[in-house]
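According to my numbering, the sequence shown is numbered sequentially starting from 39. Don't be surprised by glycine CBs; every beta carbon is placed ideally from N, CA and C. All figures in this text were calculated on a predicted structure; none of them were measured in a lab.
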Amino acid sequence: MAEEAFVSDSRPVDLQWGQICNQLKMEFGETAFDSWLKPLTVGDFKDGIMNICAPTAFMKNWVVTHYSDRINKIWEQQNPNVKKINFIVQTGFSDRRSVDTSLLKKISSSPTPQNIYGCNINSSSFGLVAGASLANDTSNNNVTNGTPLNPNYTFENFVVGKTNEFAYAAARKVAESKNVSFNPLFLYSSVGLGKTHLMHSIIWHIKKNDPTRNVIYLTAEQFVYKFVKALRYKDTAAFKEQFRSVDVLMVDDFQFMGNKGTTQEEFFHTFSSLVEEGKQVIISADKSPTDLDGIEERLKSRLVGGLVVDIMPTNFELRMGILQKKAELMGIELPQKVAEFLAQKITSNVRELEGSLKRVAAHSQLLSGKEITLDMTQDVLKDMLRSIDRKTTIDEIQKKVAEHFNISVKELQSSRRARTVARPRQIAMYLAKQLTSRSLPEIGRKFDRDHTTVMHAVRKVEELIIEDQSLAENIEILRRTLEN
Ligand code: ADP
Ligand code: MG
């Protein structure tokens with residue numbers, strides 16, 4: 039077929055990407071697509087390796103954690119010549135198509151201190167824009183300047199069960215009460231269990247009931263970015279003023295606050311001053327405050343000073359409830375048998391559960407409304423189900439990698455930096471990312487490291503695979519043994 043032409047000609051790559059984008063949009067929905075996938079562009083394609091470029095590191099990391107597996111799969115199906123996809127950050131792209139000009143206008147005409155960043159927005163269309171001043175917002179679905187608020191992430195659409203009822207109640211309480219009852223509210227869980235959903239629900243609720251309240255919602259990474267920018271432009275006064283004048287400050291994915299001393303210090307002061315003034319602070323993270331890596335003790339102790347709530351992994355009942363709710367929102371008929379099947383099979387997180395439902399729905403729509411059946415579901419999801427059945431665990435990867443390199447699992451998890459141990463460790467981390475659906479922080483925990491170390495290891499091994507033939511072969515052997 040035309041596979042050869044595909045390799046040597048860059049146009050079909052673009053075309054193919056276009057098709058993949060259509061599929062992704064269908065599976066993940068327009069909001070997620072517009073926020074995370076649309077800004078991606080296709081880069082070089084060489085020796086079976088396709089580069090996909092993201093405008094910021096934050097965005098790249100997000101895409102890698104949430105969408106890379108699926109992008110890989112679709113591309114693999116579309117064209118077997120694409121052996122591997124590399125996600126990279128491409129900066130300095132002021133002429134990028136993806137820069138949102140309406141956003142630019144909004145920021146540069148804004149009377150708020152955001153002006154200080156206006157001149158730089160071209161160099162990063164996404165990472166820096168985060169503040170959500172609800173009081174000034176006039177648009178309907180985009181109350182945050184850059185981080186779109188998902189219209190489906192409301193309390194009404196959040197299905198409550200035993201594992202999340204406490205988190206739900208706490209979020210509602212914070213959204214409903216004028217007076218601060220616990221400060222901060224700290225929500226934590228592993229990935230895909232509804233933290234962001236609850237955060238957005240709080241904003242929607244406040245927006246509806248008390249639109250004069252000034253809310254800022256952003257991720258920790260965006261906070262860091264903004265602060266670093268402010269430092270660079272010597273405008274920390276405006277930065278402080280912006281953050282300290284809010285009624286509600288919400289920081290999502292706090293684990294990405296990083297080890298940066300001055301930023302953490304700034305956050306600490308912002309946080310303390312808000313709490314002192316009786317302003318609500320809401321934080322989410324993938325770990326409890328005490329387990330957070332790289333966060334100063336005094337900040338940790340402040341974080342546990344309010345209400346710390348975790349969302350536990352879902353149970354079967356809740357998964358059934360969520361599937362029914364999502365099917366209703368998508369306007370599809372989901373037979374009980376299919377729902378039970380999905381709820382039994384896809385247990386790791388709600389995002390995956392929802393993803394599988396979207397795939398099945400998209401498939402049925404493509405076949406002009408063909409009824410969803412168990413057979414069809416099993417067929418559409420076969421690669422996903424196969425990988426779930428295979429269930430390669432990180433423990434197993436550590437064991438096999440250690441055996442292969444003739445070291446012990448203990449050494450693999452140790453802090454030793456000798457090359458003979460460090461390299462196998464990086465390879466094990468890389469394989470864990472490739473072969474399991476665990477998040478970077480989860481993988482990190484298994485090695486007693488933080489997510490940045492895992493990210494670095496993955497990147498390093500990706501480079502080495504290209505440079506070092508024998509290492510690439512070793513990894514291939516390991517991958518095959520693990521996949522069997
Ligand atoms: P997190 O921020 O914890 O990683 P998200 O809030 O992004 O997770 O949730 C992932 C997906 O799962 C979202 O689409 C969200 O709507 C859905 N989800 C999670 N928990 C629930 C729930 N209890 N009810 C309805 N949808 C849920
Ligand atoms: Mg989240």
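Answer yes or no: does any C-beta atom of chain D fall closer than 7 Å to that of residue i?
i      : result
Glu409 : Checking the listed chains, one finds no chain D in this structure; it contains a single protein chain.
Just to confirm, is the Cβ distance from residue i to residue j under 7 Å?
i      : j      : result
Phe261 : Ala268 : no
His238 : Tyr191 : yes
Val346 : Phe204 : no
Ala92  : Leu75  : no
Asp285 : Arg251 : yes
Ser477 : Val229 : yes
Pro186 : Ser73  : yes
Glu114 : Arg397 : no
Gln436 : Val418 : no
Leu502 : Lys438 : no
Pro479 : Gln318 : no
Ile320 : Met288 : yes
Phe196 : His235 : yes
Ile370 : Ala399 : yes
Tyr263 : Asp348 : no
Val212 : Gly316 : no
Contact defined as beta carbons within less than 8 Å: I believe residue i pairs with residue j. What is the distance between those atoms, to the nearest angstrom?
i      : j      : result
Asp488 : Asp331 : 4 Å
Gln116 : Gln54  : 6 Å
Ile241 : Tyr255 : 6 Å
Ile360 : Leu391 : 7 Å
Tyr468 : Ala495 : 6 Å
Gly199 : Leu356 : 3 Å
Gly86  : Asn119 : 6 Å
Gln464 : Lys498 : 6 Å
Ile426 : Lys364 : Not really, about 19 Å apart at Cβ, beyond 8 Å.
Pro351 : Thr201 : 7 Å
Ile481 : Val492 : 5 Å
Name the DSSP beta bridge partners of residue i, please?
i      : result
Thr257 : Asp290
Lys84  : Ile87
Lys122 : Ile87
Phe224 : Ile321, Val346
Thr79  : Cys91
Ile127 : Per the sequence presented here, residue 127 reads as Val, with Ile not at that position. In the DSSP output, where bridge partners are listed per residue, Val127 has Ala92.
Pick out the complete alpha helix (DSSP H) segments inside the stretch 435-461, 4 residues or longer, and give them in chain order. Within the stretch 435-461, the complete alpha helix (DSSP H) runs of at least 4 residues are 447-451.
Secondary structure, alpha helix (DSSP H): runs of 4+ residues fully inside the stretch 375-405: The qualifying runs are 388-404.
At 3 residues or longer, and completely inside the stretch 294-371: list those beta strand (DSSP E) runs for me, N to C. Segments of the beta strand (DSSP E) lying fully in the stretch 294-371: 318-323, 345-348.
Which full runs of the alpha helix (DSSP H) of 4+ residues lie inside the stretch 477-516, going along the chain? Within the stretch 477-516, the complete alpha helix (DSSP H) runs of at least 4 residues are 478-484, 489-505.
Closer than 8 Å is the cut-off here; do at least three beta carbon pairs connect the stretch 427-441 with the stretch 392-405? Verdict: no, contact absent.
Mind the definition here: the stretch 295-308 touches the stretch 97-111 only if three or more C-beta pairs lie below 8 Å; say whether that holds. As far as the Cβ criterion goes, the stretch 295-308 does not touch the stretch 97-111, which means the pair count is below three.
Is it the case that the stretch 404-414 contacts the stretch 369-376, given that we only count it when at least three CB pairs across the two stretches are under 8 Å? Touching, per the Cβ criterion.
What are the complete alpha helix (DSSP H) segments, minimum 4 residues, inside the stretch 236-281? Annotation note: the stretch 236-281 contains the following uninterrupted alpha helix (DSSP H) runs of length 4 or greater, listed N- to C-terminal: 258-270.
Length-filtered (4 minimum) alpha helix (DSSP H) runs lying within the stretch 406-433: Listed in chain order, the complete alpha helix (DSSP H) runs (minimum 4 residues) inside the stretch 406-433 are 412-418, 420-428.
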